[in-house]
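Presented below is the structure to which this report refers.
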Amino acid sequence: MRLSADGLHLGGTGSANAIDDYEEGTYTPVANGSGFSYSKQYGFYTKIGNIVHVSIWIEGSGGPNNGNAFQLSLPFPSKSDGNYRGGITGSWEDADFVGAFTEGRNRSHINHGTSYMEASFSWVDNGNWTSSGLLNSGAHGGWGYQGSGTYMTD
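Residue numbers (our numbering): 6 to 159.
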């Protein structure tokens, strides 16, 4: 570790080794769309350089019923590189999204250049894999998400 006039460096003095950003705080996670009501909205994050660790606890009901993928906000946009894709591990609760997913699932995905994560690609009840994410049309009766994970930003 070296402290110089141009900042703190780990493992060398080049710009690739500079600790150029550190931030920690809270944010209020929301579901994408209008008409949601919330009983819990807690978000915590730590950002070091382009790495963001986030912890989310959110519960709600209502919202649009337009068949879009169910999305929850993140504190920072994801990495814009077209090859980037991330995910956060967590648990969806009390969500019967479009009738095909009757239990909580354990993963969400984050596409490149977005400020949200989408509900997981998952197994449907018959044990088959599906590539259709969970949809907001099933969220009206109440839902919850608790999760944490790390993703990249620019």
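Every residue gets a Cβ at the ideal spot worked out from N, C-alpha and C, and that includes glycine.
| Query | Result |
| --- | --- |
| 8 Å Cβ shell around S85 - same chain, five flanking residues per side excluded | H117, G118 and D159 |
| R140 burial status per 10 Å Cβ neighbour count (16 or more: buried) | A quick correction: the sequence has Leu, not Arg, at residue 140. The residue in question, L140, is buried, as its Cβ has 16 or more Cβ neighbours within 10 Å. |
| Alpha-carbon to alpha-carbon, F75 and T18 | 44 Å |
| Coarse secondary structure for A124, derived from DSSP in three states | strand |
| Buried versus exposed call for S136 [16 or more other C-beta atoms within 10 Å across all chains shown] | Because the pLDDT of S136 is 48, which lies under 50, any placement of that residue in the model is unreliable, and the number read from its coordinates should be weighed accordingly. By the 10 Å Cβ count, S136 comes out exposed. |
| CB contact flag (G68, A144, <9 Å) | yes |
| Contacting residues, own chain, Cβ-Cβ under 6 Å from I53 (five flanking each side not counted) | Y27 |
| For G38 and G30, the rounded distance between their alpha carbons | 24 Å |
| Y50 versus Y32: straight-line alpha-carbon distance, rounded | 8 Å |
| Sequence-distant residues of the same chain with beta carbon closer than 7 Å to S44, five excluded per side | E64 and G65 |
| According to DSSP, residues forming a beta bridge with V59 | Y50 and G154 |
| Exposure of M6, with buried meaning 16 or more beta-carbon neighbours within 10 Å | exposed |
| When P34, E123 and L13 are compared against G72, the one with the closest alpha-carbon | E123 |
| The beta strand (DSSP E) enclosing L165, as first and last residue numbers | No answer is possible for residue 165: the residues shown for the chain start at 6 and end at 159. |
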